[in-house]
Structure formats: C-alpha cells, structure tokens
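In the working numbering, the protein residues as written are 21 to 492.
Written out below as structure tokens is the structure these notes cover.
Shown next as structure tokens:
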C-alpha cells in the first residue's frame, strides 16, 4: 500500500472515532484497529511528520500515541529507520510439549470470548467512559491517599466495610433489596463473583442450567470450572423451554431484570416457573444491566437460603474499575468470604475506599440517572434507523441499557454479517454463537456507549446503509 493511501486510510479511521475522546486516544484506537484488522505484519508507517499533518495533530501527540502502541508490542521501531506494524497473535499457540493446556482451558478458548477490539462504533458491553466524572474520581483518590490511611495499602479481609454499607444502601434505593452488610462480598467484577459461586457451590461434573441466548462470559467461567452446561431457550413473553434434564441441577444461572444479550425486560414469573421445574440447589441471578424501576423483574430474595445476586460497577461506571459485589445467603456469608480470601486474596482497598465515597456523596446515583437518560435517547436513534431494515424479526425496545439486539429472520448468517460490518469499521457481536444448539436465532448485539450526538446519528445511518446492502 502506498504511503499516501496509508495516510488517507488512517485519516478516515481517525474521523470515525468519537470526537469527545482526546486526540491521543483517537490516534491510539485508529492505529490499533488498522494494525489488528487491516494491515499485514510489517506494514511501514509513513513519516511521523506526514502522519501528524494528515491527522491534523501535533507531532508530540502522535509520538505519545505511537509510544503506547510500542508498549503494547503492536508497533516496532529502529532509530532512524522507521516504524513498522506487528501483528498480534490471534490463535492459541500450537503446543509441542507433552502437556498442553487442559481440556477445560482449550474448550474456553475455542468458544466465543472477549474481542480484541474494545472500542469503536457500536462495540457492545462498553459504557460511556468519555463523560464519566473523572475529575471527581481523581479528587477522591487524593483525599483517601493520606498518611493516616496507610492501612488502605494492605489486604482487605472481607472487603472494605464502608463500601459494603454504601452498596447495601445503593441496593435498597435502586433494587428494593434489603440485606445485611455481612451478606455482601466485594468481588473483582462479575466474572470473579460467578467464579466464586462455581467454586463454592458446585463440583466438577455438576450441572448448571443457563438461558439461551446466554452471556458468553458466564458460560466460559462455568466451562473453566468443569461444570456440565445445559442451555434452555428463553423467548420474551413465552418463557423458557422446559425439556427433561439429564440429572439433578446444582446451579441455575439467570440474567437479572434486563436480559443480556437480548436487551429486553425479563420476567420473574418465567424464572420462578423454570426454577420450580428444575429444583436447583442454588439460583444465581446476574444483575448485568438495570434501571431504577425494574426491580420487580428480579427473582432474587435476600432472605432465601439458595439465592445469589451478582453485580458489577463496570457497566455503570467504567470497565477498568473491575469492582463488583455478590449478595449471598446469611448462612453462607462467612465460609464464602473465607473462601474468597483463600482463593483470590483481597486488596484494592484504595479503589474500594474511593468507590465508597463516590457512592456516599451521591455521585453514583447522579451519574446513573444522567447516563441512563442519555442511553435511552441513543437507543431511540438506533431503533428509528434499524426497525425498517429487511429481514428484521425483532429489535429490542429502547431502554436505558448500553446494549441493544436486532434479531433476523432465518436463514441469515449473523457471524458472516458481523465480519462484513467489521470491514466497514462497525463493531458488533453475532447472536448465534451464544445460543443453544436447538435455538436457531440469529442477530446482532451492539452498544451505544461509545457514540452520542451527531456522531451517533451519522454512524447509525451508515450502519443502516451497510445492512441494507448486506441483507437479502
């Protein structure tokens, strides 16, 4: 590819990045996408001066972005000789020694997983990180990092007490859940909470029942724990399929008040009917996305001896926070807290202290109210653009969630469709890979966290035009 073509391509990709991001971050995302998705290994970048002029940025800004990609091993450079792209490994290494990865690990790596691309138009599962009040967050770090708080640098046995109180009060305000502080376990995000449940409540070979379509991350955690996974299709308004299972059910994993990835309200009645039929030993409900008024869709009961609620602040605030909570039955709080300490150790007291103060000051409530209003408006823009597409069977109604789902009439190949959109720099996830073998649904899961305003309107129109050309 000619140098001028490379500059033109990068300018085009740069223009697609959200304008609210800093110029350095936009350049980083542009280069990261080009290296991983467009360029062959060893592509030489144009001279930095020409590249900076084409992008309309200062050379220092470009240098900082390139340095980030050098640290990520996506670029390599030699003094006075130029800068080249490096292709990241996209496949697991071929093992030649006698002991490769375990069968459980290989099974996880063969299934759907986290995307290498975590930014861009319509990437699902990513909240709006550009508008988050980071200045207040930094101020809180400064306020807790003082000499008298040196204990915050130690282990956090049982979790930071003030954060548990803040979460208890938050759950009562937003989820109408009244639980004791001792029932709350601080986790390193949703996956960590699900993993703790799998380790504490089930043995290798036990059966866990999940809904189809499912959250791929939870399925991977259960696979890694060596559990037997059975998936039962769920249709909004129709409930779950209830075939006879192969044996006793140890765990039932359900989404909370808002289904992911279908992005529609769930039904406590459907979930209760399923649990009555399966009689699982324990019920885990993942409160992935929610609004203030949908708590009636939850099946979770804090007084029950078999109900667990998993929650995370990553989708409310920003993914890098990696803090969440697990609400457990009273009789299991002490042994599960000890198990968490023994398996994962506990720390991040500074992060926990900052989050506690952020909640106590009312900033989390204010942020949730503000951003959920924004998400509702963004989803309405997407709904207006996509609802008239050919072959659309169902589109999730506008909500305050960060994701939406478009289902297609058969026989649409949603995996091929997602790959075609990727070539147009539109990042979506296909629905079919997270469905059971007897669930033939196909569709696209997309997010609204990375785009807003005129950029969202422009990209939504471009997405519709691309789909009109791709759909039969």
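Glycine residues also receive a C-beta, built at the ideal position from the N, C-alpha and C atoms.
- Comparing alpha carbon positions, the residue from 253, 297, 460, 242 closest to residue 267 is 297.
- Checking the DSSP bridge columns, you'll see residue 34 has no partner listed.
- Residue 158 and residue 423 have their C-alpha atoms some 28 Å from each other.
- A check of alpha carbon separations from residue 307 across 299, 279, 325 identifies 279 as the nearest.
- In summary, residue 398 is buried, with 16 or more beta-carbon neighbours lying within 10 Å of its beta-carbon over all protein chains present.
- Looking at the DSSP output, residue 466 shares a beta bridge with 424.
- DSSP lists 446 as the bridge partner or partners of residue 141.
- Here the segment 208 to 216 does not lie against the segment 247 to 261, with fewer than 3 beta-carbon pairs under 8 Å apart.
- Pairwise C-beta distances place the segment 357 to 377 out of contact with the segment 237 to 248, as fewer than three of them are shorter than 8 Å.
- A direct Cα-to-Cα measurement between residue 340 and residue 301 gives close to 33 Å.
- The beta carbons of residue 67 and residue 30 sit no closer together than 8 Å.
- For residue 251, the enclosing beta strand (DSSP E) has its first and last residue at 248 to 255.
- Secondary structure in the segment 56 to 123: the alpha helix (DSSP H) runs of 4 residues or longer, each lying completely within the stretch, are 68 to 75, 79 to 91 in chain order.
- When C-beta atoms of the segment 462 to 475 are compared with those of the segment 310 to 319, fewer than three pairs fall below 8 Å, so the two segments do not count as touching.
- Per DSSP, the beta bridge partners of residue 231 are 252.
- The alpha-carbon of residue 433 is positioned some 18 Å away from that of residue 485.
- Using a Cβ distance threshold of 8 Å, residue 385 and residue 156 do not count as a contacting pair.
- Looking from the CA of residue 304, the closest CA among 228, 404, 151 belongs to 228.
- Under the DSSP definition of a beta bridge, residue 306 partners with 275, 330.
- Within the same chain, Cβ atoms closer than 6 Å to the Cβ of residue 96 are found at 104, 106, the five residues on either side in sequence being excluded.
- In this structure, residue 435 sits near residue 452, with a CB-CB distance shorter than 8 Å.
- For residue 43, the uninterrupted alpha helix (DSSP H) segment begins and ends at 43 to 53.
- The Cβ-Cβ distance between residue 225 and residue 246 falls below 8 Å.
- Counted as a single uninterrupted DSSP element, the alpha helix (DSSP H) harbouring residue 397 occupies residues 383 to 406.
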